[in-house]
Amino acid sequence: GAVVSQHPSRVICKSGTSVKIECRSLDFQATTMFWYRQFPKQSLMLMATSNEGSKATYEQGVEKDKFLINHASLTLSTLTVTSAHPEDSSFYICSADRGRDTEAFFGQGTRLTVV
Amino acid sequence: GEDVEQSLFLSVREGDSSVINCTYTDSSSTYLYWYKQEPGAGLQLLTYIFSNMDMKQDQRLTVLLNKKDKHLSLRIADTQTGDSAIYFCAESDTGRRALTFGSGTRLQVQP
Chain A
39 GAVVSQHPSR VICKSGTSVK IECRSLDFQA TTMFWYRQFP KQSLMLMATS NEGSKATYEQ
99 GVEKDKFLIN HASLTLSTLT VTSAHPEDSS FYICSADRGR DTEAFFGQGT RLTVV
Chain B
45 GEDVEQSLFL SVREGDSSVI NCTYTDSSST YLYWYKQEPG AGLQLLTYIF SNMDMKQDQR
105 LTVLLNKKDK HLSLRIADTQ TGDSAIYFCA ESDTGRRALT FGSGTRLQVQ P
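Quick mapping for you: the protein sequence lines, in order, are chains A and B.
Under our numbering, the first residue of the first sequence carries the number 39, and numbering increases by one thereafter.
Under our numbering, the first residue of the second sequence carries the number 45, and numbering increases by one thereafter.
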């Protein structure tokens with residue numbers, strides 16, 4: 039149990055286009071989902087926290103108009119990178135929390151390359 | 045804000061023990077985690093420890109926590125080539141449940 043699926047695993051897009059990344063909790067309801075970003079050879083940095091049915095809380099320095107987060111149901115959160123640029127190329131990974139575990143459960147991650 | 049520090053690189057010979065160290069600053073940290081990341085892959089939770097514990101052992105893994113010094117370590121016994129990866133320590137408090145990660149330690153296991 040407690041499986042989180044992230045899709046797609048890899049995506050290449052052209053500069054200026056938008057890309058949507060999905061994070062699904064397959065066998066549980068996630069009260070909260072988190073989105074992280076990892077630049078090459080760096081650590082994971084929290085981008086935003088999303089709770090179902092409410093607006094996401096963004097970390098300082100993360101543009102909410104560029105990284106749109108929608109958490110429309112207890113099993114799905116989406117991150118849309120709008121008007122992507124090469125500097126947005128990164129590894130994006132989500133985690134889902136069902137509120138009663140010690141750990142949050144991570145998706146497999148999405149490697150975004152903007153050309 | 046919270047800060048988690050790790051050394052960047054560790055090289056050991058196969059069969060030796062590896063010790064990866066981590067320090068953190070947030071005194072309200074309740075949970076401390078160790079994750080493994082292989083190249084191009086996501087995160088695999090290895091183990092975690094509550095802040096009221098000093099030690100936790102799980103097969104080849106031993107976690108030591110010195111809460112006074114805010115120091116966490118992960119010992120891997122009998123290190124194998126398959127253990128080569130990046131190891132992240134992370135912390136969270138009960139309120140926030142988002143994780144603050146260290147910079148990651150690249151473990152290289154020499155045959």
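Quick reminder that beta carbons are idealized off the backbone N, C-alpha and C, glycines included.
Got a sec? Which residues, its chain only, sit under 7 Å from residue i by beta carbon, not counting five neighbours each side?
i: residue 51 of chain B; result: 65 and 149
i: residue 56 of chain A; result: 118, 119, 120, 121 and 122
i: residue 57 of chain B; result: 154
i: residue 128 of chain B; result: 151, 152 and 153
i: residue 60 of chain B; result: 123
i: residue 126 of chain A; result: 119, 150 and 152
Cβ of residue i less than 8 Å from any chain A Cβ?
i: residue 53 of chain B; result: no
i: residue 73 of chain B; result: no
i: residue 59 of chain B; result: no
i: residue 89 of chain B; result: yes
i: residue 92 of chain B; result: yes
i: residue 148 of chain B; result: yes
i: residue 76 of chain B; result: no
i: residue 143 of chain B; result: yes
i: residue 86 of chain B; result: yes
Using 8 Å as the threshold, is the C-beta distance between residue i and residue j below it?
i: residue 147 of chain A; j: residue 126 of chain B; result: no
i: residue 48 of chain B; j: residue 135 of chain B; result: yes
i: residue 128 of chain A; j: residue 48 of chain A; result: no
i: residue 143 of chain B; j: residue 131 of chain B; result: no
i: residue 50 of chain A; j: residue 130 of chain A; result: no
i: residue 70 of chain B; j: residue 137 of chain B; result: yes
Nearest chain B C-beta to residue i closer than 8 Å, yes or no?
i: residue 40 of chain A; result: no
i: residue 131 of chain A; result: yes
i: residue 126 of chain A; result: no
i: residue 90 of chain A; result: no
i: residue 145 of chain A; result: yes
i: residue 110 of chain A; result: no
i: residue 117 of chain A; result: no
i: residue 113 of chain A; result: no
i: residue 70 of chain A; result: yes
i: residue 81 of chain A; result: yes
Here's the rule: buried if 16 or more other CB atoms are within 10 angstroms of the residue's CB, otherwise exposed. What is residue i?
i: residue 150 of chain A; result: buried
i: residue 85 of chain A; result: buried
i: residue 81 of chain B; result: buried
i: residue 84 of chain B; result: exposed
i: residue 109 of chain A; result: buried
i: residue 41 of chain A; result: exposed
i: residue 137 of chain A; result: exposed
i: residue 92 of chain A; result: exposed
i: residue 99 of chain A; result: exposed
i: residue 105 of chain A; result: buried
i: residue 82 of chain A; result: buried
i: residue 116 of chain B; result: buried
i: residue 63 of chain A; result: buried
Which partner residues does residue i have in the DSSP bridge list?
i: residue 134 of chain B; result: B:77 and B:145
i: residue 77 of chain A; result: DSSP, once it has assigned bridges, lists no residue as partnering residue 77 of chain A.
i: residue 110 of chain B; result: B:115
i: residue 45 of chain A; result: A:60
i: residue 152 of chain B; result: B:55
i: residue 90 of chain B; result: None; residue 90 of chain B has no bridge partner.
i: residue 151 of chain A; result: A:50
i: residue 89 of chain A; result: A:70
i: residue 124 of chain B; result: Residue 124 of chain B is not bridged to any residue.
Less than 8 Å between C-beta atoms, sequence neighbours within five positions excluded: which residues of the same chain meet that for residue i?
i: residue 95 of chain B; result: 73, 74, 75, 76, 109 and 111
i: residue 135 of chain A; result: 68, 69, 70, 71, 72, 142 and 143
i: residue 91 of chain B; result: 77, 78, 100, 102, 105, 107 and 118
For residue i, I'd like the list of residues in its chain whose CB is within less than 6 Å of its CB, leaving aside the five on either flank, ordered along the chain.
i: residue 121 of chain B; result: 61 and 104
i: residue 145 of chain B; result: 132 and 134
i: residue 45 of chain A; result: 60
i: residue 115 of chain A; result: 61, 71, 88 and 109
i: residue 90 of chain A; result: 109 and 112
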